[in-house]
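Colleague:
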Amino acid sequence: KEMERLGIDLSWKSSQIEGNTYSLLETERLLKEKQTASGKTKEEAVMLLNHKDALDFILDVPDYLKDLTVARIEEIHALLTKELGVERNIRHRRVGITGTNYTPLDNEFQIREALEDTVRLINGKSNIFEKALLALVLLSYIQAFTDGNKRTARIVSNGILIANGYCPISFRTVDSIDYKKAMLMFYEQNNIAAFKRIFIDQFLFAVKTYF
């Protein structure tokens, strides 16, 4: 029951951060009863349902992200962007990020190398929270895919927590603007402090609220 509630909250908030306009109640109706909200796009409903599928997948196969690989990150990305017209696998073209001068790598081989380095770094850490936080910020930073990077980072981060016996994070009480500001601070200054605070606060919220 608690995990179902967390899954609804995570699907809603992770999608809201990406501009999805479904309310929490509308999200609950969609995920529980497959009832779409009026006045919303089909893509918004698909985004939410994909989140549920991705979370269900890592709950069904809890060891999936115990050892991170590039292929497994690509698989999570594919689940999250299914039927949304997003190219699968590592991008071949440049992407820009609104609101920042930071420009991600634009060479497919450099992107793959950066992902492989990130996977090695994360797998080499012993602290589970450090692993999950690094996945959250570095996968967002590298922007390996044409779209869906931050969603993939949130699910992979949660997958690492689940694989190691910790509860996942829904991000439910984080303000979307604060989340984006913390991410921009990391993009531009490589300063992880604001994001670390969000991560800690949201983990504590998850423990108190769902478990």
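Numbering (my numbering), first residue to last: 125 to 335. We put the CB at the ideal spot given by N, CA and C, even for glycine. Only a predicted model underlies this, so the values are computations on that prediction, with no experimental measurement involved.
For Y188 and A287, which I take to be in contact (beta-carbon distance under 8 Å), what is that distance rounded to the nearest angstrom?
Modeller: The residue labelled residue 188 in the question sits at position 64 within the sequence shown. The residue labelled residue 287 in the question sits at position 163 within the sequence shown. Sure, about 7 Å apart at Cβ, within 8 Å.
Colleague: Leaving out the 5 sequence neighbours to the left and right, which residues in its chain are closer than 6 Å to K249 when beta-carbon positions are compared?
Modeller: Numbered from its first residue, the sequence shown carries residue 249 at position 125. Answer for K249: K255, listed in chain order.
Colleague: Relative to the C-alpha of T242, which residue among V331, A195, D325 is closest?
Modeller: Start at 1 with the first residue of the sequence shown, and residue 242 comes out as number 118. Looking at the Cα atoms, A195 is the closest of the given residues.
Colleague: Go ahead and pull the three-state DSSP assignment for L229.
Modeller: The sequence position of residue 229 within the sequence shown is 105, counting from 1. Three-state result, L229: coil.
Colleague: Cα separation between P186 and S162?
Modeller: Sequence index remark: in the sequence shown, residue 186 carries index 62 (1-based). Sequence index remark: in the sequence shown, residue 162 carries index 38 (1-based). When rounded, the distance between both Cα atoms is 35 Å.
Colleague: Go ahead and pull the three-state DSSP assignment for F336.
Modeller: An answer regarding residue 336 cannot be provided, because it is not within the stretch 125 to 335 covered by the chain.
Colleague: Taking the straight line between their C-alpha atoms, what separation do you get for F295 and M307?
Modeller: Here the question's residue 295 lines up with position 171 in the sequence shown. Here the question's residue 307 lines up with position 183 in the sequence shown. Each residue's alpha carbon lies about 14 Å from the other.
Colleague: N225 to N174, Cα distance in whole Å?
Modeller: Translated into positions along the sequence shown, residue 225 becomes position 101. Translated into positions along the sequence shown, residue 174 becomes position 50. So the alpha carbons of these two residues sit roughly 30 Å apart.
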